[in-house]
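Here's the structure, in structure tokens; my notes come after.
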Amino acid sequence: MNIAYQGKTKTGKEIIVRYLEMADLEKMLDFINDLSDEKTFVRYQGEHETVDSEKKYLEGRLEAIKSGETVHLLVFCDGKLVGASDVHMMDKTEKHIGMLGISVSKNFRGEGIGKILMNLIEEEAKKKLSNLKMITLGVYFTNTIARDCTKKWGLQSMEYYQTESAGTVSSRTRF
Ligand SMILES: CC(C)(COP(=O)(O)OP(=O)(O)OC[C@H]1O[C@@H](n2cnc3c(N)ncnc32)[C@H](O)[C@@H]1OP(=O)(O)O)[C@@H](O)C(=O)NCCC(=O)NCCS
């Protein structure tokens, strides 16, 4: 098992952060479906993945990690998957840009897990993604917590823009 971090949250919960594995399929399925049911600030708004669709996603992710196009970390607390973050390289004229995703389970937010994950995923991305020049993070305009986080987490040179249709804002950082 490739552990990227082991430590405690602000309230003293033991967490482990590591790369995803094929054996994480069921936990990843529960995680994304719970997040979707919550209808929080993510693309999923109640839709459910299935074992088959999640298996395809996971296989694709493992391939992309092998070929250096993706870094993807999971956070576990007492064996439960409670957080995930990834940076996935885009293509064509955007092949220098990595798209970042991050989410923490509802009952584990505000304990510093997001901050830990963000630092780890950025380090991993810089190490493993050879074309990476910029990380992009899409944040819904009304997601004030995530917008605060991007500032606190030290994203520099942010460009905010709002798209009419989705009402989203993206922040970008160069390093
Ligand atoms: C955004 C998210 C990943 C942050 O993860 P987290 O583990 O809660 O983050 P942290 O505990 O490290 O908190 C980081 C900062 O967030 C802010 N924050 C966290 N919870 C907050 C709350 N309930 N109210 C206000 N601010 C809050 C604080 O500014 C905090 O900074 P601090 O440590 O100086 O107090 C998490 O809230 C989440 O998954 N939300 C739902 C999905 C989502 O919004 N994903 C992000 C898409 S861009």
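Residue numbers (numbering that gives the first Met the number 0): 0 to 174. A virtual CB, placed ideally from N, CA and C, is assigned to each residue, including glycine. Quick caveat: nothing in here was measured; it's all calculated off a predicted structure.
Assigned with DSSP and collapsed to three states, Thr149 falls in helix. If you check the CB distance, Thr39 and Glu110 do not come in under 7 Å. Between Val16 and Val74, the gap from beta carbon to beta carbon is short of 7 Å.
In its chain, beyond the 5 residues on either side, Leu80 have a beta carbon closer than 6 Å to the beta carbon of Lys26. In this structure, Gly109 has its CB closer than 6 Å to one or more heavy atoms of ligand 1. The bridge partners DSSP lists for Thr69 are His87. Secondary structure of Val41 (DSSP, three-state): coil. In terms of side-chain proximity, the C-beta atom of Ala83 is found no nearer than 6 Å to any non-hydrogen atom of ligand 1. Straight across, the Cα-Cα distance linking Asp51 with Glu58 is about 11 Å.
Secondary structure note for Glu13: its beta strand (DSSP E) is the uninterrupted segment Glu13 to Tyr18. Relative to ligand 1, the nearest heavy atom lies less than 6 Å away from the CB of Asp147.
Straight-line measurement puts the Cα of Met21 at about 32 Å from the Cα of Arg146.
Exposed is the label assigned to Asp33, since fewer than 16 other Cβ atoms lie within 10 Å of its Cβ. The criterion of a C-beta distance shorter than 7 Å is satisfied by Val70 and Lys127.
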